[in-house]
Amino acid sequence: MGIYGGVLPLETVNEANCYRHRGPISIGFKISGVLRRRSRKFRLLSLNLQAWLCAADRPGACRESLLLRRLTTFAQLFGHQTWWMSSFRASARIGLRAVPHHVTEERDLKMGLFEGKKGLVLGIANDRSIAWAITEQLHQQGAEIGFTHLPDAGDRPKNERKVGKLVNPIGAKFLMPCNVCEDSDLEAVMEKAAAEFGKIDFILHSIAFAPPADLTGPTWAASREGFRLAMEISAYSLLAVCGAAKKKDLFSENSSVLTLSYFGGEEVIPGYNLMGICKAALECEVRYLASELGPEGTRVNAISAGPVKTVSAQGVGDFDQMLELYKGMAPMRRNITAEEVGKTGMFLLSDLASGISAEIVHVDCGFSKMGAPPADFGQSKDA
Ligand SMILES: NC(=O)c1ccc[n+]([C@@H]2O[C@H](COP(=O)([O-])OP(=O)(O)OC[C@H]3O[C@@H](n4cnc5c(N)ncnc54)[C@H](O)[C@@H]3O)[C@@H](O)[C@H]2O)c1
Numbered sequence: 000m001g002i003y004g005g006v007l008p009l010e011t012v013n014e015a016n017c018y019r020h021r022g023p024i025s026i027g028f029k030i031s032g033v034l035r036r037r038s039r040k041f042r043l044l045s046l047n048l049q050a051w052l053c054a055a056d057r058p059g060a061c062r063e064s065l066l067l068r069r070l071t072t073f074a075q076l077f078g079h080q081t082w083w084m085s086s087f088r089a090s091a092r093i094g095l096r097a098v099p100h101h102v103t104e105e106r107d108l109k110m111g112l113f114e115g116k117k118g119l120v121l122g123i124a125n126d127r128s129i130a131w132a133i134t135e136q137l138h139q140q141g142a143e144i145g146f147t148h149l150p151d152a153g154d155r156p157k158n159e160r161k162v163g164k165l166v167n168p169i170g171a172k173f174l175m176p177c178n179v180c181e182d183s184d185l186e187a188v189m190e191k192a193a194a195e196f197g198k199i200d201f202i203l204h205s206i207a208f209a210p211p212a213d214l215t216g217p218t219w220a221a222s223r224e225g226f227r228l229a230m231e232i233s234a235y236s237l238l239a240v241c242g243a244a245k246k247k248d249l250f251s252e253n254s255s256v257l258t259l260s261y262f263g264g265e266e267v268i269p270g271y272n273l274m275g276i277c278k279a280a281l282e283c284e285v286r287y288l289a290s291e292l293g294p295e296g297t298r299v300n301a302i303s304a305g306p307v308k309t310v311s312a313q314g315v316g317d318f319d320q321m322l323e324l325y326k327g328m329a330p331m332r333r334n335i336t337a338e339e340v341g342k343t344g345m346f347l348l349s350d351l352a353s354g355i356s357a358e359i360v361h362v363d364c365g366f367s368k369m370g371a372p373p374a375d376f377g378q379s380k381d382a
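Going by numbering that gives the first Met the number 0, the residue at position 36 of the sequence shown is 35; the numbering climbs one at a time, nothing skipped.
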């Protein structure tokens, strides 16, 4: 059951910092607004209002956060009436109750790993994106984040809306369009980050693209233009993003950059084709960037993730077969989850990884270390 997390002034309580303090145990917050009522008996009755949040198994993070926001708004709207609401348990298990001032005054907030840390996340398309899985972890640890989305073509702000629906409820510091092929877009993002944050502590680059015709065919058939575009978006963009941040002197003394790669950049994975070549370049960039930015305190790493069903992944040939292959071949006889990539991503961006740079960290249940199929390959019920 719940512990009480501490004291927050009313104006700083919002869905974002409530969400941030969610964890496997229940956390409570004091909203220090005073509820007052004049009555004949008591001239003035004042109570502190305390909202507490149970998050024991927390499957619907956003829903919880939304519900808490509504409750907070409710508290503000009705803050001038005496009211009492004993705890109730909806699916999100959130309750409000009124308690006397002194009960909650002394308690401290639990600090997240990213408390006071600020950074940028590039590459959320929807809630299946790997960038979103990492963002969820960063946010739970208290990070302040500015986001970008792929600019919308035409009048309908489809991408903006889709990404906004995810990031606004968790307190996005900003959300801007950014096509990594456009230097002016990158410059605008860094300018905004400088104005909002001063310095940044992390950048997550989770971006790739290749024209479908060039991606699904053999590499020798890739068009010159398809190759150029795939390389520009999937590999060069990491240099461009880091360059744009560096030119604005944005990196803090203890900062971290993370990108996403795949094993097809190291060895031949049939179907990964042109993207494998892009990932080889990307992984090489990680080492050069780490060497160049390291002296000023910036670490650069990549996660080489196992297959995760995302929009981009659907474009890779034989993707479903790849999923099956991992189940039969990986030492752990299963595939990874997006959450596992999220946790490792958060770790690499955090100070816990302060001694790790220029690394390609495999989050693939060990798949990349197998030199030949295991003895039971093809026998498991799932494979
Ligand atoms: N899904 C997997 O199985 C898997 C495995 C290993 C590595 N990765 C890598 O993870 C990263 C994220 O991919 P994902 O699987 O989450 O898919 P995703 O489609 O959710 O994310 C790809 C992102 O790239 C963005 N993007 C494409 N072109 C862009 C441009 N010109 N400017 C700005 N943004 C652009 C898209 O808007 C999208 O947000 C990619 O680098 C991908 O290669 C994915």
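Just so you know, even glycine gets a beta-carbon here, dropped at the ideal spot from N, CA and C.
With 16 other Cβ atoms within 10 Å as the buried cut-off, status of Gln320 | exposed
Work out the CA separation of Lys326 and Ala289 for me, nearest whole Å.
-> 33 Å
Cβ of Thr336 versus every heavy atom of ligand 1: is any distance shorter than 7 Å?
-> no
Whole runs of the alpha helix (DSSP H) within the segment 142-210, excluding any shorter than 4 residues = 157-166, 182-196
Which residue's Cα is closest to the Cα of Gln139: Leu273, Ala171, Ile123?
-> Ala171
Below 8 Å on the Cβ atoms is my guess for Ser233 versus Ile206; work out the distance and round it to an integer in Å.
-> 7 Å
Look at the alpha carbon of Lys342 and the alpha carbon of Val362, and state the distance between them as a whole number of angstroms.
-> 10 Å
In chain order, what residues of the same chain have a beta carbon less than 7 Å from the beta carbon of Ala280, not counting five sequence neighbours either side?
-> Met230, Ala234
Which first and last residues belong to the beta strand (DSSP E) in which Pro304 is found?
-> In the sequence under discussion, the amino acid at residue 304 is Ala, which differs from the Pro named in the question. First-last of the beta strand (DSSP E) with Ala304: 297-304.
Rounded C-alpha distance that separates Met369 from Glu323 = 15 Å
Answer yes or no: the CB of Arg333 versus the heavy atoms of ligand 1, is any distance below 7 Å?
-> no
Taking 7 Å as the cut-off, is the CB of Asn178 close to at least one heavy atom of ligand 1?
-> yes
Is the closest heavy atom of ligand 1 to the C-beta of Pro211 under 7 Å?
-> no
For Thr336, which of helix, strand or coil comes out of DSSP?
-> coil
Considering only the beta carbon of each residue, do Leu120 and Leu185 sit closer than 8 Å?
-> Residue 120 is actually Val in this sequence, not Leu. No, these two residues do not count as a Cβ contact at 8 Å.
Three-state class that DSSP yields for Trp82 in the structure shown | Its pLDDT being 40, under 50, Trp82 is placed unreliably by the model, and nothing is read from it.
Please report the residue range of the alpha helix (DSSP H) in which Phe318 lies.
-> 318-328
If you drop the 5 nearest sequence neighbours on each side, which residues of the same chain put their C-beta closer than 7 Å to that of Thr309?
-> Arg127, Ser128, Ile129
Count the other C-beta atoms from every protein chain shown that fall within 10 angstroms of the C-beta of Gln136, then say buried if there are 16 or more, exposed otherwise.
-> buried
Taking Ser349 as the reference, which of Gly141, Asn125, Gly122, Glu284 has the closest Cα?
-> Gly141
Supposed close pair Ser260, Ser303 - CB separation, criterion 8 Å = 5 Å
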